[in-house]
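Protein chains in written order, with my numbering: chain A, 13 to 189; chain B, 13 to 189; chain C, 209 to 480.
One structure is given below, encoded as structure tokens.
Next up, the structure:
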């Protein structure tokens, strides 16, 4: 292989590698190729990355190559990470949300009873993400707060109305098969 | 900011984003910048990526931008990651998916009618693999569940939008010839 | 037919996208191969399309008698090879026979030619539609193969800070179902634990003895879910012995203790 042919392969390998990928490992993956050519390709690739007006850089780090965003752009990257889409939920939050969606309006003790697990932090997450909203108090002793799903919930899950939520009957055939 | 200044920032954001990042999200992260400039920057960036002898490509997928390795290099990448290719869909699941993709939103009885055979286990597979999603109920007797393709479908099949699918009539020519 | 069995024909990744149609080659004389090929006809329309191709006839003018005959031969072969023949195949057979008999009927001479409805028309449309979707499935297969060859970047530290899952309405439903199942399981255990009374255990042992003459004590104890239940069973057995309702036998030292329903005293065996 020529150096020009080696470069895209190395670039792809560095890109998917979780840890900085050592040149030794690249060489063993490209068995039969000239080691000096591989080294030259790595060098050229690094230089090209850094010469380009790019948002990414390739560096030799801890004995291996790695592609990462440029430190100057940290501010934007951090801004992005903070604004992660709200549809991403932990399993605990998802379970709690499912219970609320199907049993709304519902109180925290009732959620605990169905899930068999304390759900307070999940409820906090769901409230922070505006997926659920308080729906007044239940007229029983202690007047516990009732919760239901929000408009944001409908948008996130592509529903027009909570009545559009799939029911147990909808999937009975599928589930039993 | 000039387009040349926007490009590296966008590149870094696309790189960091786990899912294809919608242009709308880029715009909201770069508040105050001209939307047309952002669009131009995205276009130019995509072109530059693909014009370069690179191991990576940038594409518009499921309504967002994504950087990934080139499919031609999959052999090397797979060798490195020791990645098992994901289990292929069965013929039944693929055909069912085709029917849903072209006729969405569609109910199970309608799928049965087109395919001439029961498709429940195929539908279960497609739901489990998140390739299809329930889309509410059809306002007819029995209110059967409607199904459509998901965002994951677009990503796995390399589409920006379902409208990018070749039209069904195109296949007719193929069939009759 | 079981759709899962079909997956094995497509489970192998292809280096190059190939056509899924290639799997629809005609059956050969080799029986095991014959079986595999037949499994590919996962629906009656697939089998019909295959026959139309094999007989080199047109979908627009299907020689219905010939195709029906062939169809029935394949159906019989599938049954003989013990491939589960789904109801749809039989429905199609009935449809074909109906069309065939319909075409044998003499035409009503008073109706002009162009107003005569071809009984094959509906089947023809169905086949054309089915074929279009098969081609579409093939296109999807190729797209997925190419797409599966692209890889996104490795996990960043930032991903690990945010180890969360995104969800669709179906996942929401599945999660809810799991929560309900979990709750049901817990409830069942609790009910079981509460209701383990000695009286019920006595009834249970008596029922077991009605079913089979002898019951190993070990088996009875193994039905217990908790230690408390073991104790209750032990007490129940003692109670039954006291009532002279059962007899415990042990044929050898450290051997299994067997519970036998007591009819009349028998001194031939050692009793505990």
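The beta-carbon is built from N, C-alpha and C at its ideal position, and this holds for glycine as well.
Can you have a look at residue i and say buried or exposed, based on whether 16 or more other CB atoms are within 10 angstroms of its CB?
i                      : result
residue 59 of chain B  : exposed
residue 142 of chain A : exposed
residue 268 of chain C : exposed
residue 151 of chain B : exposed
residue 23 of chain B  : buried
residue 254 of chain C : buried
residue 339 of chain C : buried
residue 178 of chain A : buried
residue 287 of chain C : exposed
residue 19 of chain B  : buried
residue 171 of chain B : buried
residue 395 of chain C : exposed
residue 130 of chain B : buried
residue 184 of chain A : exposed
residue 273 of chain C : exposed
residue 83 of chain A  : exposed
residue 86 of chain B  : buried
residue 88 of chain A  : buried
residue 319 of chain C : exposed
residue 358 of chain C : buried
residue 278 of chain C : buried
residue 44 of chain A  : exposed
residue 149 of chain B : buried
residue 37 of chain B  : buried
Determine, for residue i, whether the minimum Cβ-Cβ distance to residues of chain B falls below 8 Å.
i                      : result
residue 361 of chain C : yes
residue 81 of chain A  : yes
residue 407 of chain C : no
residue 334 of chain C : yes
residue 264 of chain C : no
residue 463 of chain C : no
residue 337 of chain C : yes
residue 3 of chain A   : In the structure displayed, chain A extends from 13 to 189; residue 3 of chain A sits before or after that span and is not available.
residue 261 of chain C : no
residue 330 of chain C : no
residue 327 of chain C : no
residue 342 of chain C : yes
residue 255 of chain C : no
residue 364 of chain C : yes
Could you confirm whether any beta carbon from chain A is found closer than 8 Å to the beta carbon of residue i?
i                      : result
residue 294 of chain C : no
residue 27 of chain B  : yes
residue 268 of chain C : no
residue 377 of chain C : yes
residue 35 of chain B  : no
residue 157 of chain B : yes
Is the CB of residue i under 8 Å away from at least one CB in chain C?
i                      : result
residue 89 of chain B  : yes
residue 122 of chain B : no
residue 72 of chain B  : no
residue 16 of chain A  : no
residue 126 of chain A : yes
residue 30 of chain A  : yes
(request) At 3 residues or longer, and completely inside the region 114–163 of chain A: list those beta strand (DSSP E) runs for me, N to C. (result) Runs of the beta strand (DSSP E) spanning 3 or more residues and lying entirely within the region 114–163 of chain A occur at 144–149 and 157–161, in chain order.
(message) Quick check on the DSSP output: what are the complete beta strand (DSSP E) runs of length 3 or more inside the region 76–113 of chain B, in order along the chain?
(response) Within the region 76–113 of chain B, the runs of beta strand (DSSP E) that reach at least 3 residues and sit entirely inside it are, in chain order, 76–81.
(request) Decide yes or no for the touch test of the region 29–38 of chain B against the region 77–85 of chain B: beta carbon pairs closer than 8 Å, at least 3 of them. (result) Yes, the region 29–38 of chain B touches the region 77–85 of chain B.
(message) Assess contact between the region 131–149 of chain B and the region 86–105 of chain B, defined as three or more Cβ pairs (one per stretch) separated by less than 8 Å. Is contact present?
(response) The region 131–149 of chain B, when compared against the region 86–105 of chain B, does touch it at the 8 Å Cβ threshold.
(request) Output, in sequence order along the chain, the residues in the region 43–70 of chain A whose CB is closer than 8 Å to any CB in chain B. (result) For the region 43–70 of chain A, which is checked against every Cβ of chain B, the residues closer than 8 Å are 65, 66, 67 and 68.
(message) To test your reading of the DSSP string, which unbroken beta strand (DSSP E) runs of 3 or more residues are found completely within the region 387–475 of chain C?
(response) Runs of the beta strand (DSSP E) inside the region 387–475 of chain C: 422–424, 454–458 and 465–469.
(message) Under 8 Å, CB to CB, which of the residues in the region 92–116 of chain B have a partner in chain C?
(response) Here the close residues are 93, 95, 97, 98, 99, 100, 101, 102, 103, 104, 105, 106, 107, 109, 110, 111, 113 and 114.
(request) Below 8 Å between beta carbons is the criterion; list the residues of the region 159–180 of chain B that meet it against any residue of chain A, in chain order. (result) So nothing in the stretch comes that close.
(message) So if I threshold CB-CB distances at 9 Å, which residues from the region 346–359 of chain C count as touching chain B?
(response) Within the region 346–359 of chain C, the qualifying residues are 346, 347, 348, 349, 351, 352, 353, 354, 355, 356, 357, 358 and 359.
(request) Residues of the region 381–398 of chain C with a CB closer than 9 Å to any CB of chain A: list them in chain order, please. (result) Listed in sequence order: 381, 382, 383, 384, 385, 386, 387, 388, 390, 391 and 394.
(message) Can you confirm whether the region 374–391 of chain C touches the region 405–416 of chain C when touching is taken to mean that 3 or more C-beta pairs between the two stretches lie within less than 8 Å?
(response) At 8 Å Cβ cutoff, the stretches do not touch.
(request) Let me know the alpha helix (DSSP H) ranges lying completely inside the region 13–50 of chain A, each 4 residues or longer, listed in chain order. (result) Within the region 13–50 of chain A, the runs of alpha helix (DSSP H) at least 4 residues long that lie entirely inside it are, in chain order, 15–28 and 35–41.
(message) Quick check on the DSSP output: what are the complete alpha helix (DSSP H) runs of length 4 or more inside the region 283–357 of chain C, in order along the chain?
(response) As far as the region 283–357 of chain C is concerned, its whole alpha helix (DSSP H) runs of at least 4 residues are 295–312 and 329–355.
(request) Take every Cβ of the region 66–73 of chain B, pair it with every Cβ of the region 113–124 of chain B, and state whether three or more of those distances are shorter than 8 Å. (result) Not touching, per the Cβ criterion.
(request) Give a yes or no on contact between the region 463–470 of chain C and the region 413–424 of chain C, applying the rule of three or more CB pairs nearer than 8 Å. (result) Output reads yes: the region 413–424 of chain C touches the region 463–470 of chain C.
(request) Report the residues of the region 132–154 of chain B with a CB closer than 7 Å to any CB of chain C, ordered along the chain. (result) Listed by position, the residues of the region 132–154 of chain B near chain C (Cβ gap below 7 Å) are 133, 134, 139, 142, 145 and 146.
(request) With 8 Å as the limit, tell me which residues of the region 297–319 of chain C have their beta carbon closer than that to any beta carbon of chain B; keep them in chain order. (result) Those residues of the region 297–319 of chain C that come within reach of chain B (Cβ to Cβ, closer than 8 Å) are 300.
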